[in-house]
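Participant: I have a structure here, written as structure tokens, and I will follow up with some questions on it.
In this note's numbering, the protein residues as written are 15 to 138.
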């Protein structure tokens, strides 16, 4: 039986991080559907069908691109949430738009961008 399943899955995309997120979201919505009603059930089944479709898809190039875009977005969100806001302030350089980290509670300081060497004044 395992051999048959392995042969069936040859050439198919399989499970990845986006599929994992879809499956978890589907399970959470299924649990919440007891409280929120049939809209959550329909959305949960839709996410589950999408997850299964991605797993069984033979169009691996598109599935890889979808997963790559999801990973880029999730990494941006994680990096934003991971910032150390207790001790540092984050400023965008007005010249090159790069983010610069400076210590908090230093008053009005001149910040020099480490990328383009543009100097701007901000209050921390």
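We put the beta carbon where it would ideally sit given N, CA and C, even for glycine.
In or out: residue 52 buried (at least 16 other Cβ within 10 Å) or exposed?
Facilitator: Mapped onto the chain shown, residue 52 falls at position 38. Per the 10 Å Cβ criterion, exposed.
Participant: Residue 43 to residue 68, Cα distance in whole Å?
Facilitator: Position 29 of the chain shown, counted from the first residue, corresponds to residue 43. Position 54 of the chain shown, counted from the first residue, corresponds to residue 68. Those two C-alpha atoms are separated by around 19 Å.
Participant: If you draw a straight line from the alpha carbon of residue 65 to that of residue 15, how long is it in whole angstroms?
Facilitator: To locate residue 65, count along the chain shown from 1; it is residue 51. To locate residue 15, count along the chain shown from 1; it is residue 1. If I take the Cα positions, the gap works out to 23 Å.
Participant: May I have the straight-line CA-CA distance separating residue 112 from residue 27, to the nearest angstrom?
Facilitator: Locating residue 112 in the chain shown gives position 98, counting from the first residue. Locating residue 27 in the chain shown gives position 13, counting from the first residue. Rounded to whole angstroms, residue 112 to residue 27 spans 36 Å at the Cα level.
Participant: Can you check which of these residues, 17, 80, 24, is closest to residue 30 by C-alpha distance?
Facilitator: Here the question's residue 30 lines up with position 16 in the chain shown. Of the listed residues, the one whose Cα sits closest to residue 30 is 80.
Participant: In terms of residues, what are the limits of the beta strand (DSSP E) holding residue 102?
Facilitator: Numbered from its first residue, the chain shown carries residue 102 at position 88. That run of the beta strand (DSSP E) goes 102 to 106.
Participant: Helix, strand or coil, according to DSSP, for residue 134 in the structure here?
Facilitator: In the chain shown, the residue the question calls residue 134 occupies position 120. Residue state, collapsed to three classes: strand.
Participant: Taking the alpha carbon of residue 33 as the point to measure from, which residue in 56, 49, 78 has its own alpha carbon closest?
Facilitator: Here residue 33 corresponds to residue number 19 of the chain shown, with the count starting at 1. For residue 33, the nearest C-alpha among the options comes from 78.
Participant: Look at the alpha carbon of residue 123 and the alpha carbon of residue 115, and state the distance between them as a whole number of angstroms.
Facilitator: Translated into the one-based positions of the chain shown, residue 123 becomes position 109. Translated into the one-based positions of the chain shown, residue 115 becomes position 101. Approximately 13 Å between the Cα atoms of the pair.
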